[in-house]
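Residue numbers (the numbering used here): 88 to 198.
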């Protein structure tokens with residue numbers, strides 16, 4: 088538990104340093120697309136990656152939760168880590184955050 092507790096402040100710092108996002112929709116960009124990238128549980132299952140949802144709206148790519156396999160699913164649909172405008176974590180259960188480090192490091196290395 089101590090490892091997780093030391094990881095938590097880093098998440099808050101990253102959130103504070105992230106740029107503010109405004110959803111400004113135009114006539115050409117009125118659609119909202121929701122893609123379930125993973126719907127699995129904490130149990131390992133190669134057919135179902137951990138919970139993660141991509142919401143594309145107003146020209147933004149928003150990810151809700153970072154379950155295991157997030158970056159693999161993103162690659163399968165043609166979304167690169169650097170394309171993500173914001174990541175929201177609904178709660179800190181392991182199956183909702185396991186893919187965070189992949190997203191963070193892949194985005195850093197590819198940009």
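The beta carbon of each residue, even a glycine, is placed where N, CA and C say it ideally should be.
The segment 169 to 179 in contact with the segment 121 to 132 per 3-pair CB rule at 8 Å: No: fewer than three Cβ pairs fall under 8 Å.
Looking only at its chain, what residues have a beta carbon closer than 7 Å to the beta carbon of residue 178, apart from the 5 residues adjacent to it on each side? Closer than 7 Å at Cβ, skipping near neighbours: no residue.
Proximity of residue 186 and residue 137 at Cβ, strictly below 8 Å: Contact flag set, yes.
Which residues mark the beginning and the end of the alpha helix (DSSP H) in which residue 143 is found? That residue, residue 143, is in no alpha helix (DSSP H); its beta strand (DSSP E) goes 139 to 144.
Which residues share a DSSP beta bridge with residue 119? Partner(s): 144.
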